[in-house]
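Residues in the sequence shown are numbered consecutively from 0, following numbering that gives the first Met the number 0.
Note that beta-carbon positions come from the ideal geometry of N, C-alpha and C, so glycine has one too.
All figures in this text were calculated on a predicted structure; none of them were measured in a lab.
Heads up: the structure comes next, in structure tokens.
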Amino acid sequence: MVKNKVINESTYISELVIHGIQEKKGNEIVRLDLRNIHSSVADYFVVCHAESATQVKAIARSVEEEVYKAAGQWPFRIEGQEHAEWILLDYVDVVVHVFKTDKRQFYGIEELWGDAEMKYYQSA
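If you want it as structure tokens, here you go:
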């Protein structure tokens, strides 16, 4: 007997986010699974970077469009659009971090959540 793979909503949203990032060629896409970390603020963080503020904005916009088109959800909160050096899209259980390259290196989100299971994705 083959069981169907059950996917929860936050996992589904994170996969939509990753697809939106891939559509705009985001660099070094990583999904941090925070579900087994007691003090976590979300189920997943999805992190990527881009070389320019224009590309950071395009990636964030692509993520918004992909999630809305497939799941009918807009981010609960968006931060950082004005300067586009680090745009944060908060889908409550999934938090998306789109950095300019130098800001990602400076803040080191992956190192802060080093206990999380990390999965890496290629750009499309």
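Buried/exposed call for residue i, threshold 16 Cβ in 10 Å
i    : result
E65  : buried
E13  : Looking at the sequence shown, residue 13 is not Glu but Ser. Classification of S13: buried, given that the 10 Å Cβ count is 16 or more.
V40  : exposed
K125 : The structure shown does not extend to residue 125, since the chain is modelled only from 0 through 123, so no value can be given for it.
A70  : exposed
V16  : buried
G113 : exposed
Euclidean distance between Cα positions of residue i and residue j
i   : j   : result
A52 : H82 : 7 Å
I58 : E27 : 13 Å
D92 : V29 : 16 Å
H48 : E84 : 9 Å
Of the residues the options, the one placed nearest residue i, counting alpha carbons only
i    : options                 : result
L111 : A57, L31, S9 and G71    : L31
S38  : A115, I86, Q104 and R76 : A115
According to DSSP, residues forming a beta bridge with residue i
i   : result
R76 : D89
What ranges does the beta strand (DSSP E) occupy inside the stretch 22-49, keeping only unbroken runs of at least 3 residues that lie completely in it?
For the stretch 22-49, whole beta strand (DSSP E) runs of length 3 or above, ordered along the chain, are 26-32 and 43-49.
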